Amino acid sequence: MGAVEFALLMPLLIFVYLVSFELTIGLSVNKKVTNAASAVADLVTRQTAVDKTYLASMDDVAQAIFVPYGTSGLDLKITGIKIDSSNKATVAWSWENNGTAPYSVGNTITVPSSMLSADTFLVHAELTIPHELLMYLPNMSGSEIKSITLGKDFYYRQRVGTEITCSDC
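So that you can map any letter, position 90 of the sequence shown is 90 in the UniProt record's numbering, and since no number is skipped, the others follow by simple counting.
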């Protein structure tokens, strides 16, 4: 009788174990996304001037934070935002790890109202990365989702001076 009960419950127990393992890995990767985006924004705000070489090194910072997880498909965008005396936020410079500028200089950009303060400068770091589900069970889940995109963005104020310039962005 015990063997029959065990045979009935074992598939459920294995499924619960696999789901909890997948959730644990997913939450760990999501925490790495948060840490990496925050660290990148924090490091950039400590500068008075940056260039593409410095911003490219932020990709290495993000990748170092993701160890031991892979960083295939990591997308990092860093944007300098100037807020003028009338609380209008515009893009001062923009950089993306694929070598393009994701936002046009001079365009108006929406920032959280709590960050709007006249005559200030913000750095907006956006990080996204696809996360492949390790224990994907296509016949069990009823879904064709094999990957999810995890992302986080942070707005930080400049720490030194009144603005962060980018010489070649």
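Just so you know, even glycine gets a beta-carbon here, dropped at the ideal spot from N, CA and C.
These numbers were taken from a predicted model, which means no experiment stands behind them.
Give the range of the alpha helix (DSSP H) segment to which residue i is assigned.
i	result
Thr34	Gly2 to Thr45
Ser57	Lys52 to Ile65
Starting from the Cα of residue i, find the closest Cα among the options and give me that residue.
i	options	result
Asp59	Val16, Ser85, Trp95 and Cys166	Trp95
Leu134	Ala3, Lys88 and Ser20	Ser20
Val44	Ser167, Tyr17, Tyr156 and Cys169	Tyr156
Gly80	Lys146, Met10, Gly26 and Arg46	Arg46
Pro130	Cys166, Leu122, Gly73 and Asn107	Gly73
Leu23	Glu132, Gly151, Cys166 and Asp168	Glu132
Val29	Asn107, Val67 and Gly106	Val67
Ser147	Leu9, Ile25 and Glu5	Ile25
Val111	Ser104, Val123, Pro102 and Thr100	Val123
With a threshold of 7 angstroms on Cβ separation, who are the neighbours of residue i within its own chain once the five nearest residues in sequence on each side are excluded?
i	result
Thr48	Val160, Gly161 and Ile164
Phe154	Ala37, Ser38, Ala41 and Ala125
Asn35	Ile65
What are the partner residues of residue i, as DSSP defines its beta bridges?
i	result
Ile129	Leu150
Ala92	DSSP, once it has assigned bridges, lists no residue as partnering Ala92.
Thr108	Thr90
What residue range does the beta strand (DSSP E) around residue i cover?
i	result
Ile83	Asp75 to Ile83
Val160	From DSSP, Val160 is part of no beta strand (DSSP E); its letter is neither H nor E.
For residue i, which residues of its own chain have a beta-carbon under 8 angstroms away from its beta-carbon, when the five flanking residues on both sides are left out?
i	result
residue 172	Within the shown structure, residues of the chain are numbered from 1 to 169, placing residue 172 beyond reach of any answer.
Short of 6 angstroms in beta carbon distance, which residues of its chain neighbour residue i, apart from the five on each side in sequence? Order them along the chain.
i	result
Ala92	Gly80 and Lys82
Leu116	Asn87
Tyr69	Val29
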